[in-house]
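Residue numbers (the numbering used here): 6 to 172.
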Amino acid sequence: EIEVHRNRDTDVDKQLREGFDQIENHYRKQGRMKRIDENGKVIEDYGVLLEEGPEVERVRRIADDLVPPYVDPADLRVYVVENEEWNAMAAPNYSIFVFSGLLDEMDDDEVAIVLGHEIAHATHEHSRRQYKRGMWIQIGAVAAAVLADEAIEDETGGKATQMGALM
């Protein structure tokens with residue numbers, strides 16, 4: 006017997022989901038999946054975002070069989086991105102993006118393996134853990150830089166040590 010349960014909901018989890026809801030809504034509004042920098046410049050255009058059609062229905066059908074019992078299948082949002090690459094990604098808000106190139110080359114069982122992997126990312130706090138790890142690394146680097154600045158009286162040596170600590 007396998008017992009499953011939902012991971013805890015922290016403030017970080019909620020913030021990540023809200024942030025990814027905004028990103029997902031932007032993709033839907035644009036009808037494309039694009040990565041944009043803080044100045045609004047397109048870094049990468051992945052392709053047209055499909056919300057319906059045979060490919061989306063195929064992915065939805067497969068995903069519905071994989072959703073853990075503590076997740077409402079209606080909460081899982083599935084999209085297909087018109088892109089010949091083999092790729093798929095999941096966000097902590099339960100949105101799943103599968104590239105059409107992957108669907109073109111895989112049977113349903115192979116797609117299920119990929120979707121299971123992506124659903125695990127969404128349901129097992131992987132984004133939160135990565136975010137928190139990055140936050141602690143930044144805090145540690147700043148603390149090391151401050152300590153280095155205080156420990157070395159020579160301004161040039163202090164700055165060099167700060168840069169080394171940050172690196």
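Glycine included, every Cβ here is placed at the ideal spot set by N, Cα and C. Since we're looking at a predicted model, the values are computed, not measured.
What whole-angstrom Cβ distance do V61 and Y84 have, given they're in contact under 8 Å?
7 Å
Just to confirm my understanding: we take L108, look at its own chain, exclude 5 residues before and 5 after, and list those with CB closer than 8 Å. What are they?
E60, R63, V64, V85, V116
Would E49 and R37 qualify as a contact pair, given that the criterion is a beta-carbon distance under 8 Å?
With respect to the 8 Å criterion, E49 and R37 are not classified as neighbours on the basis of their beta carbons.
What are the uninterrupted segments assigned as beta strand (DSSP E) that are 3 or more residues long and contained completely in the region 85-114, given in chain order?
93-95, 100-104
If we call anything under 8 Å between Cβ atoms a contact, is P97 one with F25?
Contact flag set, yes.
Closest Cα partner of R66 within the set E43, D114, H122:
D114
Roughly how many whole angstroms lie between the Cα atoms of L171 and D70?
Model confidence at L171 stands at a pLDDT of 47, short of 50, so the residue's coordinates are unreliable; what they give is reported in the following sentence. Between L171 and D70, the C-alpha separation is close to 46 Å.
Where do the ends of the alpha helix (DSSP H) carrying I67 lie?
59-69
From V53 to E87, what does the alpha carbon distance come to, in whole angstroms?
5 Å
Is the beta carbon of E90 sitting closer than 8 Å to the one on F104?
Going by C-beta atoms, E90 is nearer than 8 Å to F104.
Distance check for A93 and L198, CA to CA, integer angstroms please.
The requested residue 198 is not part of the displayed model; the chain covers only 6 to 172.
I'd like to check one pair, A68 with I118: are the Cβ atoms closer than 8 Å?
Pairing I118 with A68 gives a Cβ-Cβ distance that is not under 8 Å.
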